[in-house]
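Q:
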Amino acid sequence: MTKIKVIIPAYNEEASIPLVIRAIPAIVNEIIVVSNTSTDNTELNAKNAGATVLIEPQKGYGYACLKGLDYIAKQDSKPDIVVFLDGDYSDYPEELTKIVKPIIKENIDFVVGARVKELREEGAMTKPQIFGNWLATTLMGLFFRSTFTDLGPFRAIKYSKLLDLKMEDKTYGWTVEMQLKALKQKMSYKEIAVNYRNRIGVSKVSGTVKGAIFAGVKILTWIFKYSFK
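Here it is as C-alpha cells:
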C-alpha cells in the first residue's frame, strides 16, 4: 500500500487549517502542519483536527517545508509520496487523490496541480500572481523546453526523488526550485488541472506589494541561475 504524507506550511491560518485537514482524503498516512511563526490558534486548531504539529521559528515558506522534511527524515518508516498543500483552503484538499494518481498508476515522479483559469474562482489569483506564473513558466519553456503552466503549491512527488532534489530555498523560491531541479534531473512530470478558490484570510505573499516583489525576484533568480548552469 502506498504511504503518503502531507506537509502544510501555515502562518496564522486558525480559521482555515481545520477545514484543510478534514478535507484531506483518508488515504493519507500523516498530515504534518508546520506553524511558521503563527501567533493565533493555528497550532491548537491543527492539533485538534488530527494533524502532527511542528513549529518553525524562522519565517519563510521554504523553512517550513524543510522543517517538515527534516521530521520525515528522522522517522523509521519513510513515505512513498510527499504532498505539499497550502493551509489557507484555497486548494481543494479532496483533489489529492487525483494529484497522486499519476505517481501511483503511471509511475510519474512529480505532479503539479495547475490552477487553470476554467477551474479558478474569480479573484482567487491576483494579477501579479497570474503574470508571474506566466512569465516564470514561459521562461522555463524557453530555457528547458518545459511544459509547466503553473507554479501551483498543491503538488506531489516521490519521496526518493524529492531527496534527490536537495531542496534548499528558504522562502518564496521553493516551488520554482523544485520544478527547475526536476527538469534538470530529467524527472518525469505531469500537470493536473485543479480547482482553486479565494483563500480564507489575507495572503502573506501576493496580498502585499513587498511579498509580490520579493517572490517575483526570487523566482526569476532561480530560473536564471539554472539557465546558465
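Read in order, the letters of the sequence shown correspond to residues 349 to 577 in my numbering.
Positions of the beta carbon are idealized from the N, C-alpha and C atoms, including for glycine.
Any idea if Val565 is buried or exposed, counting beta-carbon neighbours within 10 angstroms, 16 or more meaning buried?
A: By the 10 Å Cβ count, Val565 comes out exposed.
Q: In the structure shown, what three-state DSSP assignment does Ser554 receive?
A: Confidence in Ser554 is poor, its pLDDT being 46 and thus under 50, which makes the residue's placement too unreliable to answer from.
Q: Counting only the same chain and skipping the five closest in sequence on each side, list residues whose C-beta sits under 7 angstroms from that of Ser554.
A: Any answer about Ser554 is weak, because its pLDDT of 46 lies below 50 and its placement is not dependable; what the coordinates show is given next. The answer, listed in chain order, is Thr474, Pro476, Gln477 and Ala560.
Q: Could you check which residue in Ile456, Gly461, Glu404 and Met526 has the C-alpha nearest to that of Met488?
A: It is Met526 whose Cα lies nearest to the Cα of Met488.
Q: Applying the criterion that 16 or more other CB atoms from any shown protein chain within 10 Å of the CB defines a buried residue, is Pro357 buried or exposed?
A: Flag for Pro357 reads buried.
Q: Between the region 533-548 and the region 457-473, are three or more C-beta pairs nearer than 8 angstroms?
A: Result yes; three or more Cβ-Cβ pairs closer than 8 angstroms.
Q: Can you say whether Asn393 is buried or exposed, counting buried as having 16 or more other CB atoms within 10 angstroms of its CB?
A: Answer is buried; the Cβ neighbour count reaches 16.
Q: Taking all protein chains shown into account, do 16 or more other C-beta atoms lie within 10 angstroms of the C-beta of Trp570, making it buried, or fewer, making it exposed?
A: Trp570 should be labelled buried.
Q: Over the uninterrupted alpha helix (DSSP H) stretch that includes Phe491, give me the two end residues.
A: Segment Lys475 to Phe492, the alpha helix (DSSP H) holding Phe491.
Q: By the DSSP assignment, the beta strand (DSSP E) with Val401 in it spans what residues?
A: Segment Thr400 to Ile403, the beta strand (DSSP E) holding Val401.
Q: Reducing DSSP to helix, strand and coil, say where Tyr437 ends up.
A: The answer is coil: DSSP assigns Tyr437 none of H, G, I, E or B.
Q: Taking just the CA atoms, how far does Thr495 sit from Leu483?
A: Cα to Cα, the separation comes out at about 13 angstroms.
Q: Ignore the nearest five residues each way along the sequence and tell me which others in Ile372's own chain have a CB closer than 7 angstroms to its CB.
A: Once the five neighbours on either side are set aside, the close Cβ partners of Ile372 are Val354, Ile379, Pro441 and Leu444.
Q: Taking only the alpha-carbon atoms, compute the straight-line gap between Leu414 and Leu402 and give it to the nearest angstrom.
A: One C-alpha to the other measures close to 11 angstroms.
Q: Under a Cβ-count criterion, where at least 16 other Cβ atoms within 10 Å of its own Cβ denotes burial, should Leu490 be classed as buried or exposed?
A: Leu490 is exposed by the Cβ-count criterion.
Q: So what's Ala472 in DSSP terms, helix, strand or just coil?
A: If DSSP states are grouped into helix, strand and coil, Ala472 belongs with coil.
Q: Is it the case that the Cβ atoms of Thr519 and Gly435 are separated by a distance below 8 angstroms?
A: Going by C-beta atoms, Thr519 is not nearer than 8 angstroms to Gly435.
Q: Note the first and the last residue of the continuous alpha helix (DSSP H) segment covering Pro450.
A: Per DSSP, Pro450 belongs to the alpha helix (DSSP H) from Leu444 to Glu454.
Q: Pick from Ile540, Ser508, Asp439 and Leu568: whose alpha carbon is nearest that of Val524?
A: Looking at the Cα atoms, Leu568 is the closest of the given residues.
Q: Below 8 angstroms on the Cβ atoms is my contact criterion, and I expect Asn384 with Glu362 to pass it. Report the Cβ-Cβ distance as a whole number of Å.
A: Rounded, the Cβ-Cβ distance is 13 angstroms, inconsistent with contact.
Q: According to DSSP, is Ser425 part of a helix, a strand, or is it coil?
A: Residue state, collapsed to three classes: coil.
Q: For Pro450 and Ala412, I'd like the C-alpha separation in whole angstroms.
A: Roughly 26 angstroms separates the two Cα atoms.
Q: Work out the CA separation of Met515 and Leu417 for me, nearest whole Å.
A: Going from the Cα of Leu417 to the Cα of Met515 covers about 10 angstroms.
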